[in-house]
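S.K.: One structure coming up, written as structure tokens, with questions to follow.
There are 4 protein chains.
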Amino acid sequence: MINQDIIDASNDDFKTDLHTDYESLGARLDRRGISIDAIKQKVAGYGIAVPSWGVGTGGTRFARFPGAGEPRGIFDKLDDCGVIHRLTGATPSVSLHVPWDKADPADLLSKADEVGLSFDAMNSNTFQDQAEQAHSYKFGSLSHTDAATRAQAVEHNLECIALGDKIGSKALTIWVGDGSNFPGQVNFTRQFERYLDAAAQVYAGLPADWRLFTEHKMYEPAFYSTVVQDWGTNLMIAQHLGDQAFCLVDLGHHAPNVNIEMIVARLVHAQKLGGFHFNDSKYGDDDLDTGSIDPYRLFLVFNELVAAEGVAGFDPMHMLDQSHNVTDPIESMMSSAMEVQRAYVQALLVNRAELEGAQDSNDALTAQAALKTAFRTDVEPILAMARLEKGCAINPIAAYRAAGYRAKVAAVRPAIAAGSSGIV
Amino acid sequence: MINQDIIDASNDDFKTDLHTDYESLGARLDRRGISIDAIKQKVAGYGIAVPSWGVGTGGTRFARFPGAGEPRGIFDKLDDCGVIHRLTGATPSVSLHVPWDKADPADLLSKADEVGLSFDAMNSNTFQDQAEQAHSYKFGSLSHTDAATRAQAVEHNLECIALGDKIGSKALTIWVGDGSNFPGQVNFTRQFERYLDAAAQVYAGLPADWRLFTEHKMYEPAFYSTVVQDWGTNLMIAQHLGDQAFCLVDLGHHAPNVNIEMIVARLVHAQKLGGFHFNDSKYGDDDLDTGSIDPYRLFLVFNELVAAEGVAGFDPMHMLDQSHNVTDPIESMMSSAMEVQRAYVQALLVNRAELEGAQDSNDALTAQAALKTAFRTDVEPILAMARLEKGCAINPIAAYRAAGYRAKVAAVRPAIAAGSSGIV
Amino acid sequence: MINQDIIDASNDDFKTDLHTDYESLGARLDRRGISIDAIKQKVAGYGIAVPSWGVGTGGTRFARFPGAGEPRGIFDKLDDCGVIHRLTGATPSVSLHVPWDKADPADLLSKADEVGLSFDAMNSNTFQDQAEQAHSYKFGSLSHTDAATRAQAVEHNLECIALGDKIGSKALTIWVGDGSNFPGQVNFTRQFERYLDAAAQVYAGLPADWRLFTEHKMYEPAFYSTVVQDWGTNLMIAQHLGDQAFCLVDLGHHAPNVNIEMIVARLVHAQKLGGFHFNDSKYGDDDLDTGSIDPYRLFLVFNELVAAEGVAGFDPMHMLDQSHNVTDPIESMMSSAMEVQRAYVQALLVNRAELEGAQDSNDALTAQAALKTAFRTDVEPILAMARLEKGCAINPIAAYRAAGYRAKVAAVRPAIAAGSSGIV
Amino acid sequence: MINQDIIDASNDDFKTDLHTDYESLGARLDRRGISIDAIKQKVAGYGIAVPSWGVGTGGTRFARFPGAGEPRGIFDKLDDCGVIHRLTGATPSVSLHVPWDKADPADLLSKADEVGLSFDAMNSNTFQDQAEQAHSYKFGSLSHTDAATRAQAVEHNLECIALGDKIGSKALTIWVGDGSNFPGQVNFTRQFERYLDAAAQVYAGLPADWRLFTEHKMYEPAFYSTVVQDWGTNLMIAQHLGDQAFCLVDLGHHAPNVNIEMIVARLVHAQKLGGFHFNDSKYGDDDLDTGSIDPYRLFLVFNELVAAEGVAGFDPMHMLDQSHNVTDPIESMMSSAMEVQRAYVQALLVNRAELEGAQDSNDALTAQAALKTAFRTDVEPILAMARLEKGCAINPIAAYRAAGYRAKVAAVRPAIAAGSSGIV
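Listed in order, the protein sequences are those of chains A, B, C and D. For the first sequence, the working numbering gives the first residue as 62, with consecutive numbering after it. For the second sequence, the working numbering gives the first residue as 62, with consecutive numbering after it. For the third sequence, the working numbering gives the first residue as 62, with consecutive numbering after it. For the fourth sequence, the working numbering gives the first residue as 62, with consecutive numbering after it.
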């Protein structure tokens, strides 16, 4: 869909400056004892998964305003995801959501192959009712008071595993909306026990080389309590289930002011950090573009991840999970994937010997300066050079716009009417 | 729809105990120098508006799970609202939302008359796109960068006034979703100036005996900034527009930890408190049932309102504004209307001479005890007696369930499929 | 200090009404199938510990404004605590803070016996430096980078146990201020490991019939990170240490909006709920009087505790922990102890069969009504009757004021100058 | 105190690299159409005031851990402030706090002249009691229920003006701790009216060329309500008082999640933005080093300030206001002054034509990229070159440490014992 000629033409606009900037940055890093090429290699090898649902325009309970060329189904979504990876070289895999993305495994594999992608973690959906469904999830799924509803939710998760197994996925991510809207509506303990019991049934169906990720969230869609409300409960779940169970951290799922990078460190310590859903937020689960609100927080998370590299069993999965309500979703995901890379590279630049020395001597100012020096470094030339060397775009947004992709797909994909949402 | 026989039969179950309880409470209040009958008169004269949209099951961006007998349109909604008032005697008026509730004014008046209701403030909708609409509100309405879009939004508000004027409404409430999702997306000041300019055009179309209410909200559907983000901006708007403009306070639209009762006091001081959207929340704009999370906060708001009674120009409008996702909306609104009455009555019971004496002498413990003594009083017998004397139900939920209303309407109103919402 | 005559005289003012109110409440509860006498017996047997430091006027980092008759040391404090229990019959034990309350064990026991109190959990202090101290806690205590500082902190905790053991205490509560003020200042994981190691040394010194309580807190005095920041970390600690280690919950130590009653339920589930520091808060660790801001939240916590009664190993400790900046501390603690009792009694009134039935059938409205009905019950007559029957005051504040205790102690205890605090 | 030789020696370590980096950054900026020298000129002309109290080690209500060489009084403080400006060239003025800094005006002027500083806004203190004071501020100052206490507070503010007038200050900043700890303790409206009345008396005593800044704060030291709780109330005050009255914004004084840069824009719009107290915070009024927690937020504030440059009457004052609990206060203030400069320079780099174009066309991604491109630029060479050209230090922290200033003053200033604070 995106011709190499277009990429090359776009790169021609930026190539000379990039080489200049890469060299001068290289010289500056060299003074700090850092090899720019080594860093470039690390980021070139780094990939983050994109969510299939992220290429559609998102919305709120008040409204959804679709853009032009909305994907009609999983195969259109894979096309769009392919474009993201084609231009950035940063997103080699896609995470599917079932039943939204249900399709013949062979067709999925064939399409993925065509667009140069593989499949990341599978995502089940028991927070919505499907047309054919026997039991409603209005009052919960894995933790529902009714055994048949729980069984149906377990069965759905097993089905996700079965599909994932056929397309090369190695993980299942479970996020449920189960909770309550009134004090008293649920018995916290019994609800949790039902959840644990049902999750154990899903876990029992996990292939030996798979991992199960459970995701905590403070609130929404339930507004008084949520069954997996925070990392403490999430850790209890992962420990209850077993060695293949891990906690997934979504950056927008915490209480105000919470120190998320510290939660990351605690989960690493407990050997239960399974992965991330990256996005950004100012208020709640805003699902904004990664790094758009608080880029330093994102860096601090990666500072923990880089520090944990090499720890036994440490192998977290990275995925974007955003809602693109006012931008072209492809542009937002390209930009966000690059923000994640940026934070990763900045964290790689931290002088850890200096940091640890300052920590050991309680020299707080020097310790923070070690982080700030890394964070302040404009590492764009490293990211861009890694892209260029892969045949991708120095400036993916520019190349994408030049390619006219959105207009092309809008010509074949029918327009969608704006819709009202949950409130009416 | 609800036969008086059913109400009477239900009341028979509770009448004897009610009389006993009313008497013993009367005696206790008498000791505090309070006439229970005088209080009962005040609550009997108190009414709160219900929102037409509140009788449908609400949802979130993740899903909406409709119940049985969802109203098919405004006339079904008026039937449901009529039931609420029929059983509680507490909700004599309905607030309409345009275009959802657009209909022939004569038909609206006739139906309202049939179910014993009148019309409260009109609500415009420029946070969603309608099928026939020329310009999209994706990037704003009254504050949009495009003049034609702003004009369309102004025009829609004028249309709401025109309809309201024909059905006896005396106020327009404006809430917009305008804001931004990224730092930089909008210029805060220019966006605000556009809003002020457009709002002034709406204000210019206000009949002489109408009021304009503007509503602030911290976030959602915009997740980085909102044009009318807090009461400070809301006050600037009301002062800019003129004497007929006032601020509307929705209890769920503030930052975490904010002292809402103090905002109420400030708006009273500024003579710009226009009214309330009552609900409750634990996290964000959760739109939970009023008083379900923090009943003492609701009492503290009413403590300010009772203290302000008699202040020149003080005449706030009261309305419920909730999203009923897991309950029968009629039950939730009956229960919530009674919670509002309860808080009002409790606030009436505050010994204001004692309170002021304690305040003047900085006796904080006695001051708070004056509030707590009032709040702790179980005033249910007063509310129930007021209902009984109006021919309504002592226990509206019990009478409603006994009447089988939901099953009856479910028999004639078609079932609605559960829907996914904004996220896909 | 408080003569029985004064109590009796005060009680004479309220006795007749109390009997009337107790009877009419008894009749109402009887209708709900509840024996008022049985409830009264339960509350009569319920006691909550008071903190020795709570009888002095508290302050903030900006200032402290002492009142008249501030206690000069632990023996004055025990006098004041004795008054609280003498009048309320609700606070049979005192929790000491070392080194503030260090004294000869025999003298402590003798004084406690004189004022009718026993000793609750011991509290260590490694968040301040003492004059004679070799190593400063400026950069931490149990988790300090320096081994000698950690050893000193461990030693201090062992000393607290030794003193406590001699005066009948059976628990040690550890709260540390360790954390950081800058990203990078500490290595989260190493700091945590140092904490675990040092805490294990304290745990090793615990007598066989003692319990160790660790307390989590989100922030303050450290403002970027705290080593035991939340219940998740606290649970990891208690599980690491062993069967005698439990988590202590202070109601004011959580992030905004957090559902604390759910944390209580999770810790009960994990069999690691050790106890509470009761207080109330609107913003941060405000240490306001229990139930003064959100009495329904306090009730919801007790709703969990009553539901957990009888669970194996469930035996949490209850203590007040407040800062009395603008009230007479004795009055605030009497009032707060009664608020705790009130919440306990209200929770006892919950119709659990109805609640569970509603929960099982997802009837959220009925479930919440079951809680609200209990919460709305004005149980003051039960609390007052329990006090009267113990020879305590029907209205402890009135009796206390009538007794003129504050003026009496002010005559012998020297006035203290107002002090500035941390900021300069 | 800091010899030029030491600065020069330190600069020798960094000079060559600085010239290289300045040149390569200049070339990169040149490509963006920006003259690096013009930017350097702007930052060279930019100054921020330091608070006299900021050079002492701060503390919390739990403890204060002084460092070596704590200043003994205002003249030591001026020495320390002189060092900050000597090395950074960024802090030409000092803000005094009365009565802490009370001294003979001639001596103050002479000392200021000696250390190369002038005097910024005066700060009054009515949140603490002083030894000689007739009336206590325990229950408030300007808003106290007692007229004599209010008069005393007014008088104190007038005394601050009188002193300031003699030393060249042109502004008074009022921050009060007045509020309440219990619902009911104060009557919100009467307290506010008393505040307005007393503030008007202070305002009446303002010289014609002075400005009055009032500061809002959500909570602390009062924990239920604060009389000037937010910018809405602050704006009401400034409008009530008159043309010389303006609102002061402290970055740490807001509710969680609040969009502070938008408040800045609203106050600019209202022509009432008076100035800033810069610091950073993660939880409450943490008073952490500016830019240490969320540097992007600081940039976004400066983005508003730069956008407002040239607006009629726009002339906000800039001051640091931090509590340095774990660092050398001089180091923290040097570092923070440079962080403020950094944010200012980054904001100057925003391509405003591109930004506005993107805003007008609702191209959110491009708009945010315009901000991010500026923010990502490592402008350290510009700041450092401006310092070097002023004869200051390229690396002020390194030069300061090399100078051994702290050890020198510790030799003459006596050690201070660690102190406990408000809690006991």
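Beta carbons: idealized from backbone N, C-alpha and C, even for Gly.
#1: Can you tell me which of the three DSSP states V485/D falls into?
#2: Is D439/B close to chain C? Criterion is C-beta to C-beta, closer than 7 Å.
#3: Quick one: is R255/A near chain C, going by C-beta distance under 7 Å?
#4: When DSSP labels each residue in this structure, what does E370/B get in the three-state scheme?
#5: Given a cut-off of 7 Å on the beta-carbon distance, is the pair K333/B and A299/B in contact?
#6: Run through DSSP, which three-state label would F249/C get?
#7: So which residues of chain D does S397/A contact, with C-beta pairs closer than 8 Å?
#8: For the alpha helix (DSSP H) containing E175/B, name the first residue and the last one.
#9: Checking 7 Å against the spacing of the C-beta atoms, do A468/C and S71/C come in under that value?
#10: Hey, does D190/D have any beta-carbon neighbour from chain C nearer than 7 Å?
#11: For I235/D, tell me which candidate among Q246/D, I228/D and Q262/D has the shortest Cα-Cα distance.
#12: With DSSP as the reference, please indicate the residues paired to F307/C in a beta bridge.
#13: Please go through the same chain and pick out, in chain order, the residues whose beta-carbon is closer than 8 Å to the beta-carbon of D348/D, but skip the five residues on each side of it.
#14: Compute the distance between the beta-carbons of P457/B and T250/B, then report whether it is under 7 Å.
#15: Kindly indicate if chain C contains any beta-carbon less than 7 Å away from that of A478/B.
#16: Listed in chain order, which residues of the region 323-348 of chain B have Cβ atoms closer than 8 Å to some Cβ of chain C?
#17: Going by DSSP in three states, F136/B sits in which element: helix, strand or coil?
#18: Give the residues of chain B in contact with S197/A, contact being defined as C-beta atoms less than 8 Å apart.
#19: Checking contacts by CB at 7 Å: is V485/C closer than that to chain D?
#20: When you compare the CB positions of Q407/C and F360/C, do they come within less than 7 Å of one another, or not?
#21: Tell me which residue opens and which closes the alpha helix (DSSP H) that S394/D is part of.
#22: Do three or more CB pairs link the region 85-93 of chain B to the region 145-161 of chain A at distances below 8 Å?
#23: Short of 7 Å Cβ to Cβ, which residues in the region 290-301 of chain C face chain A?
#24: Measure the C-alpha to C-alpha separation of F243/B and M395/A and round it to an integer number of angstroms.
#25: Closest to R358/B by C-alpha separation, out of K103/B, H379/B, E400/B and T388/B, would be which residue?
#26: Pairing CB atoms from the region 440-450 of chain D with CB atoms from the region 76-84 of chain D, are three or more of them under 8 Å?
#27: Output needed for Q65/C: all residues of its chain with C-beta closer than 8 Å, excluding positions within five of it in sequence on either side, in chain order.
#28: For my contact list, T116/C and P132/C are in at a C-beta cut-off of 8 Å; report their separation, rounded to the angstrom.
#29: Could you list the residues in the region 374-400 of chain B with a C-beta less than 9 Å from some C-beta on chain C, going in chain order?
#30: Going along the region 309-323 of chain C in order, which residues come within less than 8 Å of chain B, judged by CB to CB distance?
#31: For D355/B, return the contacting residues in chain C, with the cut-off set at a CB-CB distance below 7 Å.
#32: In this structure, how does DSSP classify M378/C when only helix, strand and coil are distinguished?
#33: For F75/B, which residues from the same chain have a beta carbon less than 6 Å from its beta carbon, with the 5 sequence-adjacent residues on both sides left out?
#34: Against chain C, with Cβ distances strictly below 7 Å, would A259/A count as a contact?
#35: Could you tell me the boundaries of the beta strand (DSSP E) in which M183/B lies?
#36: Answer yes or no: does any C-beta atom of chain C fall closer than 7 Å to that of L426/B?
M.R.: On the basis of the data shown:
#1: As a working mapping, residue 485/D is identified with position 424 in the fourth sequence. Annotation note: pLDDT 46 at V485/D (below 50); position unreliable, coordinate value reported separately. Residue state, collapsed to three classes: coil.
#2: The count along the second sequence starts at 1 and reaches residue 439/B at position 378. Chain C contact via Cβ: present.
#3: What you label residue 255/A is simply residue 194 of the first sequence in a count that begins at 1. Not an interface residue.
#4: The count along the second sequence starts at 1 and reaches residue 370/B at position 309. Here E370/B sits in coil by DSSP.
#5: For this step, residue 333/B is matched to residue 272 along the second sequence. For this step, residue 299/B is matched to residue 238 along the second sequence. Yes.
#6: Locating residue 249/C in the third sequence gives position 188, where the first residue counts as 1. Correct three-state label for F249/C: helix.
#7: The count along the first sequence starts at 1 and reaches residue 397/A at position 336. Here the premise fails: no neighbours, minimum Cβ distance about 10 Å.
#8: Counted from its first residue, the second sequence places residue 175/B at position 114. First-last of the alpha helix (DSSP H) with E175/B: P166 to V176.
#9: The count along the third sequence starts at 1 and reaches residue 468/C at position 407. The count along the third sequence starts at 1 and reaches residue 71/C at position 10. Cβ atoms of A468/C and S71/C: not closer than 7 Å.
#10: On the fourth sequence, position 129 is the one that residue 190/D refers to. Closer than 7 Å to some Cβ of chain C, the Cβ of D190/D qualifies, so yes.
#11: For this step, residue 235/D is matched to residue 174 along the fourth sequence. Checking every option, the nearest Cα to that of I235/D belongs to Q262/D.
#12: In the third sequence, counting from the first residue as 1, residue 307/C sits at position 246. F307/C is bridged to F274/C.
#13: Mapped onto the fourth sequence, residue 348/D falls at position 287. Same-chain partners within the cutoff: G119, G313, N340, S342, D382, Q383 and S384.
#14: Against the second sequence, residue 457/B aligns to sequence position 396. Against the second sequence, residue 250/B aligns to sequence position 189. No, they are not a contact pair.
#15: Here residue 478/B is taken as the residue at index 417 of the second sequence, counted from 1. Among the CB atoms of chain C, none fall inside 7 Å of the CB of A478/B.
#16: Those residues of the region 323-348 of chain B that come within reach of chain C (Cβ to Cβ, closer than 8 Å) are K343 and Y344.
#17: Walking along the second sequence from the start, residue 136/B turns up at place 75. DSSP, reduced to helix, strand and coil, places F136/B within a helical segment of the structure shown.
#18: Numbered from 1 along the first sequence, position 136 holds the residue referred to as residue 197/A. Near S197/A (Cβ distances below 8 Å), the residues of chain B are F126 and A479.
#19: In the third sequence, residue 485/C corresponds to position 424, counting from 1. Unreliable positioning characterises V485/C in this predicted model, as indicated by a pLDDT of 45, which lies under 50. A coordinate reading is not provided.
#20: Position 346 of the third sequence, counted from the first residue, corresponds to residue 407/C. Position 299 of the third sequence, counted from the first residue, corresponds to residue 360/C. Taking 7 Å as the Cβ cut-off, Q407/C and F360/C qualify as a contacting pair.
#21: Here residue 394/D corresponds to residue number 333 of the fourth sequence, with the count starting at 1. Looking at the sequence shown, residue 394/D is not Ser but Met. M394/D -> alpha helix (DSSP H) spans P390 to L409.
#22: No, the region 85-93 of chain B does not touch the region 145-161 of chain A.
#23: Q290, D291, W292, G293, T294, L296 and M297
#24: By one-based count along the second sequence, residue 243/B stands at place 182. By one-based count along the first sequence, residue 395/A stands at place 334. Each residue's alpha carbon lies about 16 Å from the other.
#25: As a first step, residue 358/B is located in the second sequence; it is residue number 297 there, counting from the start. With distances taken between Cα atoms, R358/B lies closest to E400/B.
#26: yes
#27: Reading the third sequence from its first residue, position 4 is the one you call residue 65/C. Counting only Cβ-Cβ distances below 8 Å, and skipping sequence neighbours, we find G452.
#28: The residue you call residue 116/C lines up with position 55 of the third sequence. The residue you call residue 132/C lines up with position 71 of the third sequence. Here residue 116/C is Val; the residue named in the question, Thr, does not match the sequence. Confirmed, Cβ separation roughly 6 Å.
#29: V387, T388, D389, E392, S393, S396 and E400
#30: Contact annotation: in the region 309-323 of chain C, residues whose CB is within less than 8 Å of a CB in chain B are P317, N318 and N320.
#31: For the purposes of this step, residue 355/B is identified with residue 294 of the second sequence, where counting begins at 1. Per Cβ cutoff of 7 Å: D355 and Y357.
#32: Position 317 of the third sequence, counted from the first residue, corresponds to residue 378/C. The answer is strand: DSSP assigns M378/C an E or B state.
#33: Sequence index remark: in the second sequence, residue 75/B carries index 14 (1-based). Counting only Cβ-Cβ distances below 6 Å, and skipping sequence neighbours, we find I455 and N456.
#34: Position 198 of the first sequence holds residue 259/A. Not an interface residue.
#35: In the second sequence, counting from the first residue as 1, residue 183/B sits at position 122. Run containing M183/B: S179 to N184, per the beta strand (DSSP E) assignment.
#36: By one-based count along the second sequence, residue 426/B stands at place 365. Output row for L426/B: interface = yes.
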